[in-house]
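Residue numbers (our numbering): 5 to 305.
C-beta atoms are modelled at their ideal positions from N, C-alpha and C, and glycine is treated no differently.
Note that the structure is a prediction, hence the values are computed from the model and not measured.
Only one structure is covered here, and it is reproduced in the block below.
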Ligand SMILES: Nc1nc2c(c(=O)[nH]1)N[C@H]1C(S)=C(S)[C@@H](COP(=O)(O)O)O[C@H]1N2
Ligand SMILES: [Mo]
């Protein structure tokens, strides 16, 4: 994000011919059908446009941002495979009644598993439609029982430079940290994803567990989470530390607030030729705008 703006990305990288044509679309269709997983076009989660077809599996899993494995879009798919995601322990800390170091299975035990097809939009002005599987974060919080002082959540990615070559560089401050308000965390759209297209998450998409917040820019969705803290004040977040004038804490998709180096009112859906209009809150305004009544979203970008 700091490295290259959309204008710098060679057209071939985004409008790669191989993203078009029958083959990939056909593979995606077969993938969905053979899995027997129904991904309705209009999910209750609010996919508004009927032409929001899921982005092909091999695009979702080969065009990634995961700077721990390199800054190129194809670096995570090439480099993340060796990350060890079993066993996986998540530390729960801060103002919460049930803190502890949880094995992932124990953390998620008893929680409802949901499938949600979400539009995802990167701050770099490209977007995808991804069929996620996971657990509602609200259900996990109910189980962990936040205290009355818990106003924010902080999510921290694994720090392990031996396994994550990007962490041997100073491209970002490590480990990667993101945060939400407790109201955002408790919103039904917010999930901790463990799967994609009916299968376990691939490492490049943040296995074994990552945050998904579809009305915010992609960078809010921290990958491979090892710690969740419940805090009284807003956590410091990685991209905000790196470039505070470019990346705020809220990071709601807002076509009226332009990035200092490029516009935010259009986006390129991967696999499509023409740009689309970017919608307020990425099209989820009817579900989430009420979270921000009384908050100036230009000042709080
Ligand atoms: N730990 C970590 N999480 C991360 C990132 C990252 O570099 N490191 N990139 C973010 C950005 S900018 C985006 S757009 C999404 C991309 O998720 P995807 O590759 O699964 O589509 O992951 C987010 N989560
Ligand atoms: Mo992003």
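- So does the segment 148-163 actually touch the segment 228-238, counting three or more Cβ pairs closer than 8 Å? yes
- residue 221 beta carbon near ligand 2 (any heavy atom closer than 8 Å): yes
- Task: Using the Cα positions of residue 57 and residue 133, report the straight-line distance between them to the nearest angstrom.
- Result: 7 Å
- Assign residue 270 to one of three DSSP states: helix, strand, or coil. strand
- Message: Quick check: is any heavy atom of ligand 1 less than 8 Å from the C-beta of residue 158?
- Response: no
- From residue 201 to residue 119, what distance separates their C-alpha atoms? 9 Å
- Is there at least one non-hydrogen atom of ligand 2 closer than 8 Å to the beta-carbon of residue 181? no
- Query: In three-state terms, what does DSSP make of residue 251?
  - Reply: coil
- Message: Can you tell me whether residue 102 is helix, strand or coil according to DSSP?
- Response: coil
- Message: Measuring only the C-alpha atoms, how far is residue 203 from residue 135?
- Response: 10 Å
- Inter-residue spacing [alpha-carbon to alpha-carbon] between residue 246 and residue 214: 21 Å
- Grab me the residues of residue 288's own chain with a C-beta within less than 7 Å of its C-beta, minus the 5 sequence neighbours each way, in chain order. 50, 193, 218 and 219
- Contact check, residue 196 vs residue 104 under 8 Å by CB: the rounded distance? Rounded, the Cβ-Cβ distance is 17 Å, inconsistent with contact.
- Query: Which word fits residue 227, buried or exposed, when buried means at least 16 other C-beta atoms lie within 10 angstroms of its C-beta?
  - Reply: buried
- Query: Under a three-way DSSP split, which group does residue 303 fall into?
  - Reply: coil
- Task: State buried or exposed for residue 177, treating a residue as buried only when at least 16 other CB atoms are found within 10 Å of its CB.
- Result: exposed
- Take residue 33 and list the residues in its own chain whose beta-carbon comes closer than 7 Å to its own, dropping the five residues that flank it on each side. Low per-residue confidence applies at residue 33: pLDDT is 39, beneath 50, and the placement is therefore not dependable, though the value from the model is reported in the following sentence. Cβ within range, chain order: n/a, list empty.
- In chain order, what residues of the same chain lie with their CB nearer than 7 Å to the CB of residue 91, ignoring the 5 residues before and after it? 107
- Buried or exposed: where does residue 304 fall if 16 or more other Cβ atoms within 10 Å of its Cβ makes it buried? exposed
- Nearest-angstrom beta carbon gap, residue 258 and residue 249 [assumed within contact, 8 Å]: Rounded, the Cβ-Cβ distance is 15 Å, inconsistent with contact.
- So does residue 76 have its beta carbon nearer than 8 Å to some heavy atom of ligand 1? no
- Query: Is any heavy atom of ligand 1 found at a distance shorter than 8 Å from the C-beta of residue 68?
  - Reply: yes
- Query: Near residue 84, which residues of its chain fall below 7 Å by C-beta distance, leaving aside the five closest residues on each side in sequence?
  - Reply: 70, 73, 207 and 208
- Message: I want to check one thing, is the minimum distance from the CB of residue 214 to the heavy atoms of ligand 4 below 8 Å?
- Response: Absent from the structure shown: ligand 4. Ligands present: ligand 1 and ligand 2.
- Item | Where residue 232 sits in the DSSP three-state scheme | strand
- Query: In whole angstroms, what separates the C-alpha of residue 86 from that of residue 60?
  - Reply: 23 Å
- Message: Please state the DSSP three-state secondary structure of residue 40.
- Response: In this prediction, residue 40 scores a pLDDT of 42, lower than 50, which makes its location untrustworthy; the coordinate-derived value is nonetheless stated afterwards. Note: residue 40 maps to coil in three-state DSSP.
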